[in-house]
Amino acid sequence: MEFNIADLFEAVADTVPGNEALVCAGGGGVAVRWSYAELEQRANRMASVLVDRGIGAGDHVGLHLHNGSPYIVGMLALYKIGAVPVNVNYRYVAEELQYLFDDADLTAVITEPDLAPIVDRIQNDVPRLAHVLVADGLLDRELAAASTARPDAGPRSADDLYLLYTGGTTGMPKGVMWRHEDIYFASLGGRGTPSRGVPALRRPEELVDRVRKGDPIMRRLPLCPLMHGGAMWVALQTHLNGGCLVLSTDRHFDAAAALRLMAGERVELIMLIGDATARPIADELGRAPSDYDLSPLAVIASGGAIMAPAVKSKLRELLPGTAIVDTYGASETGGQGRLGPSREGEAPRLITDADTVVFDDEWKPIAPGSGTVGRLARTGHIPLGYYNDPDKTAATFPVIGGRRWSVPGDLAAVEADGSIVVFGRGAMTINTGGEKVFPEEVEGAIKSHPSVFDALVVGIPDERFGQQVCAVVAVRDGEASPTADELTSHARGHLASYKVPRRWVFVDHCQRSPTGKPDYQWAAAVVEKDAATRDETPQREER
Numbered sequence: 015m016e017f018n019i020a021d022l023f024e025a026v027a028d029t030v031p032g033n034e035a036l037v038c039a040g041g042g043g044v045a046v047r048w049s050y051a052e053l054e055q056r057a058n059r060m061a062s063v064l065v066d067r068g069i070g071a072g073d074h075v076g077l078h079l080h081n082g083s084p085y086i087v088g089m090l091a092l093y094k095i096g097a098v099p100v101n102v103n104y105r106y107v108a109e110e111l112q113y114l115f116d117d118a119d120l121t122a123v124i125t126e127p128d129l130a131p132i133v134d135r136i137q138n139d140v141p142r143l144a145h146v147l148v149a150d151g152l153l154d155r156e157l158a159a160a161s162t163a164r165p166d167a168g169p170r171s172a173d174d175l176y177l178l179y180t181g182g183t184t185g186m187p188k189g190v191m192w193r194h195e196d197i198y199f200a201s202l203g204g205r206g207t208p209s210r211g212v213p214a215l216r217r218p219e220e221l222v223d224r225v226r227k228g229d230p231i232m233r234r235l236p237l238c239p240l241m242h243g244g245a246m247w248v249a250l251q252t253h254l255n256g257g258c259l260v261l262s263t264d265r266h267f268d269a270a271a272a273l274r275l276m277a278g279e280r281v282e283l284i285m286l287i288g289d290a291t292a293r294p295i296a297d298e299l300g301r302a303p304s305d306y307d308l309s310p311l312a313v314i315a316s317g318g319a320i321m322a323p324a325v326k327s328k329l330r331e332l333l334p335g336t337a338i339v340d341t342y343g344a345s346e347t348g349g350q351g352r353l354g355p356s357r358e359g360e361a362p363r364l365i366t367d368a369d370t371v372v373f374d375d376e377w378k379p380i381a382p383g384s385g386t387v388g389r390l391a392r393t394g395h396i397p398l399g400y401y402n403d404p405d406k407t408a409a410t411f412p413v414i415g416g417r418r419w420s421v422p423g424d425l426a427a428v429e430a431d432g433s434i435v436v437f438g439r440g441a442m443t444i445n446t447g448g449e450k451v452f453p454e455e456v457e458g459a460i461k462s463h464p465s466v467f468d469a470l471v472v473g474i475p476d477e478r479f480g481q482q483v484c485a486v487v488a489v490r491d492g493e494a495s496p497t498a499d500e501l502t503s504h505a506r507g508h509l510a511s512y513k514v515p516r517r518w519v520f521v522d523h524c525q526r527s528p529t530g531k532p533d534y535q536w537a538a539a540v541v542e543k544d545a546a547t548r549d550e551t552p553q554r555e556e557r
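Take the sequence shown: its letters are residues 15 to 557, numbered as in this note's numbering.
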């Protein structure tokens, strides 16, 4: 056996066939409660159907699906036959969908009835797209008649391709290519969790012993779409470790419904994306703490966006026995560690390992305590590159000192004690009067105001300073809107003067992607529109 996702999953299914593997629940109650044996049989049936349709090893197949059992079954079935699942954003319009289908060279897509019409509209414009499978009654009948035997689809390898499409905060979607073995050790549990007594694996066969012993955290719930890399990683971590994956099939997030699901299913870990999910959970739990028994909940982990210190503080107060952590990583690096505690207005510190360094502009490691801001980089188990994009691959995955590195663009510095201070993605950095301002730092300070629900910070052109720091703010429901002067005063208590926004724009809600990532292009457009409709000149301070 190699470190191949299909091999590893089948080893788990053989070891704990009776363990609960998948629970899918929504507004209508629990729709699915399957053991590993049942999930394995359904994945085998789906694999058989895919092979009968002419889909096989090396084919790229889109998963254009909402959260639910078809996503998990389809993904596992594709790995079993050596095909390559591709996560597809179900909110894409036709033009965006066609771009991704073309860029990913999809030969097939698995979709569902309410999403199928948009696939039908573009199918003729995507020449390689030969198969569209709709998760409906017809496919259900095919699956019922299909074999439950494991497919014989040829040899599997640690070199089989794992392909993750990431939209990021700017630019068109990009496909990040990983070997199965590398993504397993980077993000899917291969490194273990020594703090919980789960050691790293040296050989694939050791997984059986790990699964027999059991992980202290078995029941996991990602509170975001599976099309997001973080949620997909939680799903695969769970199923490659013998745990139970709990999924909400609700199409819209509701904090009370999420808390009922967590309590009812005795969830031990939830994964969410920043304040967009964490703040409503904290608010609802604060409103009615006795309504939800969350005593089994050991970890709340945020990935893809950092929780504001005020939100983490409130969750810790409400859930004193639960660890509240910001994990750190990217599609291009996998998991890099977690962010340590930081005070209001301070950049977070990364707790990581020896595979992560900070390079200066000459690709030399930055000396601790130098004050130099450089680029965060990771080596070891990293991707092969971007699919169909050799130029971006060369730029993001350079060879330095004879080793390949992943350098996706995050800026950081190294403190005198060796800790790494993380500032955020360089592409979003605001340069005002020669000073660098990192949006996440300013957003955290703004969101510590008790009346603010969400905030996005962007820079717009400024004749004097190059760029001007601007904030788009959404106020909590039922709260009186603070004035711009009040927010300015609050921000000055947490930030240096040059970081304080000079323009404030109030909106009903801050637009984010379906996964909770900030939409900075939208925020910049909102600020520019506001500036065009107002004659006032923002206040400036001497620098």
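For every residue, glycine included, the Cβ atom is placed at its ideal position computed from N, Cα and C.
Boundaries of the alpha helix (DSSP H) around Asp405: Pro404 to Thr410. Secondary structure of Asp73 (DSSP, three-state): coil. The C-beta separation of Phe437 from Val487 comes to about 22 Å, leaving the pair out of contact by the 8 Å criterion. Under the DSSP definition of a beta bridge, Pro475 partners with Gln481. Contact annotation: the region 308-316 touches the region 222-239, with at least three C-beta pairs closer than 8 Å. For Val100 against Leu177, the beta-carbon gap comes to about 6 Å, under 8 Å, which counts as contact. In the DSSP annotation of this structure, the continuous segment of the alpha helix (DSSP H) that includes Asn58 starts and ends at Tyr50 to Asp66. Taking C-beta separations shorter than 6 Å and ignoring five residues to either side along the sequence, the partners of Ile396 in its chain run Ser420, following chain order. The DSSP assignment places complete beta strand (DSSP E) segments of no fewer than 3 residues inside the region 129-193 at 145-148, 175-180 and 188-193, in order along the chain. Boundaries for Gln112: no beta strand (DSSP E) harbours it, while the alpha helix (DSSP H) harbouring it runs Ala108 to Asp117, taken from the DSSP string. Here Met186 is exposed, its C-beta having fewer than 16 other C-beta atoms within 10 Å.
Straight-line spacing of the CA atoms in Lys326 and Met285 works out to 14 Å. The residue from Ser83, Val37, Ser384 and Gly189 with its alpha-carbon nearest to that of Leu398 is Gly189. Residue pairing from DSSP places Trp518 in a beta bridge opposite Ala485.
Counting along the chain, Tyr342 sits inside no alpha helix (DSSP H); it lies in the beta strand (DSSP E) bounded by residues Ala337 to Ala344. Here Ser511 carries a helix assignment [DSSP, helix/strand/coil].
Rounded to whole angstroms, the gap between the alpha carbons of Asn402 and Gly42 is 43 Å.
In this structure, the beta-carbon distance from Val471 to Val225 does not fall below 8 Å. Apart from the 5 residues on each side of it in sequence, Glu298 sits with its Cβ closer than 8 Å to the Cβ of Ala269, Ala270 and Leu273 in its chain, given in chain order. The Cβ atoms of Asp223 and Val212 lie no closer than 8 Å to each other. In the DSSP annotation of this structure, the continuous segment of the beta strand (DSSP E) that includes Phe373 starts and ends at Thr370 to Phe373. If you compare the alpha carbons of Ala91, Val387 and Glu449 with that of Gln55, the shortest gap goes to Ala91. For the pair Tyr179 and Leu120, the CB atoms are not nearer than the 8 Å cut-off. DSSP places Ser327 in the uninterrupted alpha helix (DSSP H) bounded by Pro323 to Leu332.
When only Cα atoms are considered, Val63 and Gly244 end up about 28 Å apart. Assigned with DSSP and collapsed to three states, Leu221 falls in helix. With respect to the C-alpha of Ile132, the residue from Leu153, Tyr104, Gly300 and Asp150 having the closest C-alpha is Tyr104.
For Gln251, no beta strand (DSSP E) run applies; the uninterrupted alpha helix (DSSP H) run containing it begins and ends at Gly243 to His253, by DSSP.
Scanning its chain for C-beta atoms nearer than 8 Å, with the 5 sequence neighbours on each side dropped, one finds around Asp491 the residues Phe467, in chain order.
Of the other Cβ atoms in all chains shown, 16 or more fall within 10 Å of the Cβ of Asn58; this residue is therefore buried. Residue state for Ile414 is assigned as strand, using DSSP reduced to three classes. Leaving aside the five residues that flank Asp476 on each side, the residues in its chain whose CB is nearer than 6 Å to its CB run, in chain order, Gln482. Counting other Cβ atoms within 10 Å of its Cβ, Gln350 reaches 16 or more and is therefore classed as buried.
Contact check between the region 106-113 and the region 148-156: fewer than three CB pairs, one atom from each, fall below 8 Å, which does not count as touching.
Phe17 sits in coil when the DSSP states are folded into three classes, being neither helix nor strand. Under DSSP, Asp468 forms a beta bridge with Ala488.
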